[in-house]
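In our numbering, the protein residues as written are 127 to 351.
Think of the CB as a built atom: it goes at the ideal place given N, C-alpha and C, for glycine as much as any other residue.
First comes the structure, then the notes that go with it.
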């Protein structure tokens with residue numbers, strides 16, 4: 127797929143199930159707010175998630191964006207029921223993208239904003255990609271407190287994105303990215319992993335894996351006590 131300007135609408139292939147004949151297995155849908163970064167990282171993230179999300183269950187995705195991750199992963203992990211979410215301003219575009227796909231294990235998206243009341247639910251899994259460095263640092267305690275209420279004991283929470291270690295950026299490019307973020311969104315910024323782990327621990331989440339990913343990112347896997 128060629129590079130497409132962020133925020134545009136594009137034609138997008140969705141897998142329609144391996145059981146279908148190859149001639150009809152893929153179809154085009156119109157994806158609003160196409161995001162090239164999500165397109166680039168969906169496969170490396172899926173490679174890890176497919177070994178983590180082993181048991182059947184429901185998954186809460188925080189900040190689904192355009193839905194490109196759930197559109198790709200839900201078809202390949204049909205034992206997982208995916209609950210996408212987004213802030214109110216982005217919800218209608220996400221709903222359009224997901225309902226166009228007709229993938230049976232994707233639920234209608236719910237409105238969710240960190241720091242406000244979350245919809246009720248109980249999930250085996252939670253997943254968020256490129257969320258922690260976009261939201262305000264002061265909301266870190268809130269996201270884990272809310273996750274404690276909806277992720278069942280023994281469940282898994284997964285976060286993807288860049289982090290600092292011992293106060294240092296892992297690469298010069300991450301430092302430049304952090305500077306760009308803070309100029310664009312005053313409360314955004316790459317988080318110290320020590321702070322993330324502390325807030326997770328306070329809400330009963332224990333880090334079980336810290337996986338190095340392409341493009342200077344990490345995949346943090348937490349277990350809910």
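Only counting the same chain, and skipping five residues up and downstream in sequence, which positions put a Cβ closer than 7 Å to that of residue i?
i: residue 281; result: 249, 250, 251, 350
i: residue 301; result: 295
i: residue 145; result: For residue 145, the predicted model reports a pLDDT of 42, less than 50, meaning its position is unreliable; a value from the coordinates is still stated below. Hits under 7 Å: none found.
i: residue 308; result: 314, 315
Report all residues from its chain with a CB closer than 8 Å to the CB of residue i; omit the five preceding and five following residues, and keep chain order.
i: residue 343; result: 167, 286, 287, 288
To which residues of the same chain is residue i closer than 6 Å at the C-beta, ignoring the five residues directly before and after it?
i: residue 334; result: 347, 349
i: residue 245; result: 236
i: residue 297; result: 342
Less than 8 Å separating the beta-carbons of residue i and residue j?
i: residue 186; j: residue 241; result: no
i: residue 270; j: residue 329; result: yes
i: residue 189; j: residue 279; result: no
i: residue 196; j: residue 179; result: no
i: residue 284; j: residue 203; result: no
i: residue 273; j: residue 317; result: no
List the endpoints of the continuous alpha helix (DSSP H) containing residue i.
i: residue 272; result: 266 to 276
i: residue 227; result: 214 to 227
Hey, quick one: how far does the beta strand (DSSP E) through residue i stretch, first residue to last?
i: residue 243; result: Segment: none, residue 243 is in no beta strand (DSSP E) and carries neither H nor E.
Provide the residue(s) that pair with residue i in DSSP beta bridges, ordered along the chain.
i: residue 344; result: 287, 338
(message) With three or more C-beta pairs closer than 8 Å as the rule, is the stretch 290 to 298 touching the stretch 230 to 239?
(response) no
(message) Can you confirm whether the stretch 213 to 229 touches the stretch 165 to 184 when touching is taken to mean that 3 or more C-beta pairs between the two stretches lie within less than 8 Å?
(response) no
(message) Can you confirm whether the stretch 263 to 270 touches the stretch 202 to 209 when touching is taken to mean that 3 or more C-beta pairs between the two stretches lie within less than 8 Å?
(response) no
(message) With three or more beta-carbon pairs closer than 8 Å as the criterion, would you say the stretch 171 to 179 touches the stretch 216 to 225?
(response) no
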